[in-house]
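Residue numbers (my numbering): 20 to 249.
What follows is a short report on a single structure.
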Ligand code: 6GU
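Now the structure itself:
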């Protein structure tokens, strides 16, 4: 199997250094995933490596100018392979486990990370003439840039790529939970600082344990995420 290619374009490629750690680092060593972070400034042509300018129409902040992005896509997108470009933006569609699942089936992903007040919209329109394009947000809050959001999405996507997680049971167990939050977990010791592990988990009675876990999932979901119930 060809490795899944995941690239990121950013003015702070160092944000992606963390992807060399842990499971994702191993997945790259095993050639399941090929990850590469690019510095957008490599595609500037002026002495100051300018990537932003003031917005047409006025307003606060700066907008990322289109030319460096255009050159980056011309180099990274090839006519030979199908690519999906993900623009990170708080104005995007919500990221979800379902979207992670869908993106984990792709052969080539490119995360285009905006900073400042965003990227000139023509960059998105241009990329859409060469690739599948999505504008994606990780939640209803504002980050200074898309890098941390891209790292979160890359981790969620990568662990769904076959072979990346040794124990594929952890993946099936998660999907069994369909729609509800995970039940609480415990390990040894059975008593710690006067706090005891729930008796049922020590009983070895698997039907009772399953029943208890389902109840806990439901109770936790009602408390923490009532919007998920129905
Ligand atoms: Cl993808 N980018 C930025 N800058 N802020 C965000 C976000 C993305 N998702 C939520 N907030």
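Ideal placement from N, C-alpha and C gives every residue a C-beta, glycine not left out.
It should be emphasised that the depicted structure is a prediction, and the values quoted were computed from it without experimental measurement.
State the CB to CB distance for the pair residue i and residue j, rounded to an integer number of angstroms; the pair is presumed to be in contact (CB under 8 angstroms).
i: residue 107; j: residue 155; result: 6 angstroms
i: residue 96; j: residue 149; result: 5 angstroms
i: residue 37; j: residue 104; result: Going by Cβ atoms, the distance from residue 37 to residue 104 rounds to 22 angstroms, so no, they are not a contact pair.
i: residue 126; j: residue 100; result: 6 angstroms
i: residue 232; j: residue 200; result: That pair is no contact at about 11 angstroms.
i: residue 89; j: residue 145; result: 6 angstroms
i: residue 176; j: residue 123; result: 5 angstroms
i: residue 241; j: residue 248; result: 6 angstroms
i: residue 42; j: residue 178; result: 7 angstroms
If you reduce the DSSP assignment to three classes, tell me which class residue i lands in.
i: residue 179; result: coil
i: residue 212; result: coil
i: residue 159; result: coil
i: residue 218; result: helix
i: residue 114; result: coil
i: residue 224; result: coil
i: residue 207; result: coil
i: residue 165; result: coil
i: residue 123; result: coil
i: residue 197; result: coil
i: residue 234; result: helix
i: residue 25; result: strand
i: residue 248; result: coil
i: residue 105; result: strand
i: residue 8; result: Outside the displayed span of the chain (20 to 249) sits residue 8, for which this structure offers no information.
i: residue 241; result: helix
i: residue 98; result: coil
i: residue 20; result: coil
In chain order, what residues of the same chain lie with their CB nearer than 6 angstroms to the CB of residue i, ignoring the 5 residues before and after it?
i: residue 55; result: 26
i: residue 138; result: 83
i: residue 53; result: 22 and 24
i: residue 92; result: 146
i: residue 35; result: 27 and 56
i: residue 68; result: 60
i: residue 130; result: 27, 105 and 169
Within the same chain, show all residues whose beta-carbon is closer than 8 angstroms to that of residue i, passing over the 5 residues directly before and after it, in chain order.
i: residue 261; result: Missing from the structure shown is residue 261; the chain here goes from 20 to 249 and no further.
i: residue 133; result: 83, 106, 107, 108, 164 and 165
i: residue 211; result: none
i: residue 50; result: 22
i: residue 170; result: 34, 35, 37 and 38
i: residue 80; result: 74, 135 and 136
i: residue 216; result: 205, 209 and 210
i: residue 120; result: 179
i: residue 112; result: 118, 153, 154, 155 and 156
i: residue 235; result: 202 and 203
Uninterrupted beta strand (DSSP E) stretches inside the region 127-161 (no shorter than 3 residues): 127-132 and 151-156
Uninterrupted alpha helix (DSSP H) stretches inside the region 29-94 (no shorter than 4 residues): 41-48
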